[in-house]
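Read through the structure below, which is laid out as C-alpha cells, and then see the notes.
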Amino acid sequence: MTRYDAEIEKLSIPTPYAVGDVNVYVIKGEALTLVDAGPRTPEGKEVLAKSLRDLGLLISDFDQIVLTHHHPDHAGGIDFFPEQTNVFGHANNQRWLELTDEFKESLHLFYLGVGKELAVPEEMVASMNNYRGGYISKRTVQTLLQEGDEIPGLSGFQVIETPGHAQSHISLFRESDGVMIGGDHLLDKISPNPILEPPISQDVYRPEPLNQYNSSLRKWLELPISLTLSGHGDDISDTHELIRHNFARQHGRAMQVKQMLEVKPQTGFEICKQLFPRVYERELGLTISETVGQLDYLELLGEIKKEDQNGIYMYSVNS
Ligand SMILES: [Zn+2]
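Going by our numbering, the sequence shown runs without a break in its numbering and finishes at 331.
Structural data, given as C-alpha cells:
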C-alpha cells in the first residue's frame, strides 16, 4: 500500500491474468471513491476486502466506483459492490459489460471481416475473437463520463478521454498537484497493447488503435503531470520522458515492419507471423492488434500503402 496524501491510497489486487496484480485507488474526497475494482475472482474479492479493512473500510462503504476501462482485471470487481454504489465510466464500457448476444454476433462478424482483409487463415479467425476484455457483468456503468467531466464527490479531478488500449479508456487528472490516475494508458514496465475493437458507430470502418493511442499519449504531453498512478506496477514520476521513450521505441518497431515490406509486398498476417513467430498462434488477438497498429501507423505517416486484392489487403512501401 502506498500513501500519496491524505486522500489517495493504492491497493494491489491479484489477477489471474498474465499482467499480474492490478492497482486500484481509494480516494477519500467528499465521496468515498474507488478507481477500478479489480477482477471478479474470489481471491480478488478477498484481497480487496482485506486491504480495505486495513484502512478501516468495508466494500459496502463506497459511494462510487470510477472505471478507467472495461477490461476484466479492472472492471470485474464492480459486481461485488451493492446497488447503491454508483458506477461511473465511459459509455464505451457498456457493450463489453453487457455482452449481449447481438454484440457477440457483431464481434464475430467484425473479426471475420478484419481476418479476411489481413489474410488470416479461416480456421484461425475464431481465435482472434476470444471476447478479450469482455464478460457478462451483473452491473454496468450507471453514470456516463466524457472528456472534461468532473465527477461529483471527487472535486479537482477531471476526466481525460484516452482511447487506444481500450475504446472505453479514460484517465483522471488533478491539476492542483499534477496527479494522473492513468489506468492502463501508460505503465512503468510494460507497453500497453492498443487492442483492436469493433467500431462504436456503424459509419466508421474500424478504430485505428495505435494511432488513437498515440494521440491520447500526446494529450498527456500537454498536461503538467507530476506523478502517474497506473493500473499495473509502480508509479511513474517521469511521465513525459517515458512517453517520449515509448514513442521512439514504437517508431523503431514500425520501421522494422517497413523493412519487411521493402523485401516484398505482404499481407497483414504475413507481417504478424514475422513479428511474433513464437506467439502468434497462441495469442492471435493481441498479435494481430499489434500488427494492425503498426501498419495503420505507417500508413498514416505515408510510408506504406495498401491495395485491395479481392478483399485482401496487400501492403507495400510507398515509393
Ligand atoms: Zn486493460
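Cβ atoms here follow ideal geometry from the backbone N, Cα and C, with glycine treated the same way.
What you are looking at is a predicted structure, and each value in this text was computed from that prediction instead of being measured.
- Contact annotation, residue 152 with residue 85: C-beta distance approximately 17 Å; criterion of less than 8 Å not satisfied.
- In this model, residue 200 and residue 322 are separated by some 43 Å (Cα to Cα).
- The nearest non-hydrogen atom of ligand 1 is less than 8 Å from the C-beta of residue 83.
- With a 10 Å radius around the Cβ and a threshold of 16 neighbouring Cβ atoms, residue 320 comes out exposed.
- The three-state secondary structure of residue 167, taken from DSSP, is coil.
- Residue 207 and residue 81 have their C-alpha atoms spaced approximately 12 Å apart.
- Contact annotation: residue 178 and residue 104 have beta-carbon atoms nearer than 9 Å.
- Between the beta-carbon of residue 277 and that of residue 326 there is about 5 Å, and that keeps the pair under the 8 Å contact cut.
- Within the same chain, Cβ atoms closer than 8 Å to the Cβ of residue 98 are found at 75, 76, 77, 154 and 155, the five residues on either side in sequence being excluded.
- Excluding residues up to 5 positions away in sequence, 306, 309 and 310 lie with their Cβ nearer than 7 Å to the Cβ of residue 266 in the same chain.
- Sequence-distant Cβ neighbours of residue 254 in its own chain, meaning closer than 7 Å and more than five residues away, are 198 and 248.
- Taking the Cα positions, residue 65 is about 10 Å away from residue 58.
- Of the candidates 269, 133, 216 and 252, 252 places its Cα closest to the Cα of residue 236.
- Using a Cβ distance threshold of 9 Å, residue 165 and residue 202 do not count as a contacting pair.
- At least one heavy atom of ligand 1 lies less than 8 Å from the C-beta of residue 177.
- Not one heavy atom of ligand 1 lies closer than 8 Å to the C-beta of residue 54.
- Checking the DSSP bridge columns, you'll see residue 155 partnered with 100.
- The Cβ atoms of residue 210 and residue 175 do not sit closer than 9 Å to each other.
- Pairing residue 234 with residue 204, the inter-Cα distance amounts to about 20 Å.
- Annotation for residue 189 indicates a beta carbon at 8 Å or more from all heavy atoms of ligand 1.
- For residue 62, the enclosing alpha helix (DSSP H) starts and ends at 54–66.
- For residue 179, the secondary structure class from DSSP, reduced to helix, strand or coil, is coil.
- Residue 135: member of the alpha helix (DSSP H) spanning 134–137, first to last residue.
- In this structure, residue 247 has its CB at a distance of at least 8 Å from all heavy atoms of ligand 1.
- Residue range 280–287 is occupied by the alpha helix (DSSP H) that includes residue 280.
- Non-local C-beta neighbours of residue 94 in its own chain, meaning closer than 7 Å and more than five positions away in sequence, comprise 72, ordered along the chain.
- Only exposed fits residue 257, as fewer than 16 other CB atoms lie within 10 angstroms of its CB.
- Here the alpha carbons of residue 53 and residue 137 stand approximately 29 Å from one another.
- Cβ contact annotation for residue 150 (same chain, cutoff 8 Å, sequence separation greater than five): 91, in chain order.
- Residue range 251–275 is occupied by the alpha helix (DSSP H) that includes residue 255, with no beta strand (DSSP E) assigned at that position.
- If you compare the alpha carbons of 129, 189 and 68 with that of residue 239, the shortest gap goes to 189.
- For residue 86, the distance from the CB to the nearest heavy atom of ligand 1 is below 8 Å.
- For residue 279 against residue 43, the beta-carbon gap comes to about 51 Å, at or over 8 Å, which does not count as contact.
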